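Asker: All residue numbers for the sequence shown refer to this note's numbering, where the first residue is -11 and numbers rise by one.
Glycine included, every Cβ here is placed at the ideal spot set by N, Cα and C.
Fair warning: this is a prediction, and the values are worked out from it, not measured in the lab.
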Amino acid sequence: MSGFSPARLVRYAMAHPIGERQRLRTLARIARWQLSARLLGGPRVHPWVGGSRLVVERGMTGATGNVYFGLHEFADMGFVLHMLRADDLFVDIGANIGSFTILAAKVAGARVIAFEPDTNTVATLARNIDANSVGGQVEVHTSALGDREQELWFTSGMDTINHVADADTPGAVRVHGTTLDTVLAGRVPLLIKIDVEGHEPAVIAGAPKTLASPQLQAVEVETVTQDIADLLAGHGFVQRHYDPFTRRLSSTPVHAANNSLYVRDEALVAQRLQSAPPVDVYGIAV
-11 MSGFSPARLV RYAMAHPIGE RQRLRTLARI ARWQLSARLL GGPRVHPWVG GSRLVVERGM
49 TGATGNVYFG LHEFADMGFV LHMLRADDLF VDIGANIGSF TILAAKVAGA RVIAFEPDTN
109 TVATLARNID ANSVGGQVEV HTSALGDREQ ELWFTSGMDT INHVADADTP GAVRVHGTTL
169 DTVLAGRVPL LIKIDVEGHE PAVIAGAPKT LASPQLQAVE VETVTQDIAD LLAGHGFVQR
229 HYDPFTRRLS STPVHAANNS LYVRDEALVA QRLQSAPPVD VYGIAV
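See the structure below:
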């Protein structure tokens, strides 16, 4: 949804799983946000799903999508809500302003280890953690993850598309690079989300111990190369697609997803998904 075009936004909204079911209400939410963002400006704390709150301001692509639809990344976010329980461990790699982190910690009650190297973005992530009073559940790291300890360069101020870059990239800043296995130090999550704009192969390469642990049951990853697919398959993961409305996993897509979903013990995962309590998303039980 980058680059505001009213016609494009309306088409996107009507194809979204929530927009399909609430056409007029969705258009009204979009109109209200567009008007208020222009008139009032600045960041605002927006009531969100499951009693959570989200700090949003104009230009935040993912966050404004959550204002419009409740769950912008419907399949991916629905899976996080239904998979996690209180005290489970969720690792959010490429946390951005914390949409997935807040769903996991505030709504599902899970513990979260979040990674976000951009200093501007991590300030909003911290505000979202504070706004939801989940500081005791969330551990934030500003290191960039990769396949080894090293110095990396990272873009800044690019909202949801900040990424590891070359040293000569305009506006890139130097950050500490480490591996997931190093940071976790033996802690094993139930679920990992990796959204790092093409740097996924290096992140995966730095997590062999974590991926080998049978406690890890699911991975949501944005960019999947054949090497990543083969590596996950070697650890017993299979690719599946999730429908939050029916709570079912399938081998064929139902709703568009930003990330690819891989699960290990499909029967265990399916049982968790089916037994999760419903979450109210703008009056729709999900």
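I need the straight-line Cα distance from Arg260 to Leu69, nearest angstrom please.
Answerer: 10 angstroms
Asker: Under the assumption that Pro189 contacts Asp215 (Cβ atoms under 8 angstroms), give the Cβ distance between them as a whole number of angstroms.
Answerer: 6 angstroms
Asker: Alpha helix (DSSP H) containing Arg26: first to last residue?
Answerer: 11 to 28
Asker: So who's on the other strand from Phe103, going by DSSP bridges?
Answerer: Ile81, His129
Asker: Would you say the segment 53 to 68 touches the segment 111 to 127, given that touching needs at least three Cβ pairs under 8 angstroms?
Answerer: Judged by Cβ distances under 8 angstroms, the segment 53 to 68 makes no contact with the segment 111 to 127, as fewer than three pairs qualify.
Asker: Based on Cα-Cα distance, which residue from Val122, Arg46, Glu208 lies nearest to Arg20?
Answerer: Arg46
Asker: Tell me the residue span of the beta strand (DSSP E) that contains Ser248.
Answerer: 248 to 251
Asker: Confirm, please, whether the CB-CB distance from Leu178 to Leu204 is below 9 angstroms.
Answerer: yes
Asker: Just the Cα atoms here: how many angstroms apart are Ile18 and Arg26?
Answerer: The straight-line gap separating the alpha-carbon atoms of Ile18 and Arg26 is approximately 12 angstroms.
Asker: How many angstroms separate the CA atom of Ala93 from the CA atom of Gln125?
Answerer: Computed Cα separation, rounded: 7 angstroms.
Asker: Candidates Pro31, Ala258, Met71, Gln10: which alpha carbon is nearest Tyr56's?
Answerer: Gln10
Asker: When DSSP builds the beta bridges, which residues end up paired with Pro35?
Answerer: Arg41
Asker: Please give the ranges of any alpha helix (DSSP H) in the segment 218 to 264, keeping only runs that are unbroken, at least 4 residues long and fully inside the region.
Answerer: List check, alpha helix (DSSP H) in window: 254 to 263.
Asker: Return the Cβ separation of Asn84 and Gly53 in integer angstroms, given the expectation that the two are a contact with Cβ distance under 8 angstroms.
Answerer: Actually they are not in contact, since the Cβ atoms of Asn84 and Gly53 sit about 12 angstroms apart, beyond 8 angstroms.
Asker: Would you call the segment 121 to 135 and the segment 87 to 106 touching, i.e. three or more CB-CB distances under 8 angstroms?
Answerer: yes
Asker: May I ask you to list the residues that DSSP assigns as paired with Thr166?
Answerer: DSSP lists Leu133 as partners of Thr166.
Asker: Taking Ile192 as the reference, which of Ser248, Gly134, Val242 has the closest Cα?
Answerer: Here the closest residue by C-alpha is Gly134.
Asker: Taking DSSP as the reference, what is the three-state secondary structure of Glu139?
Answerer: strand
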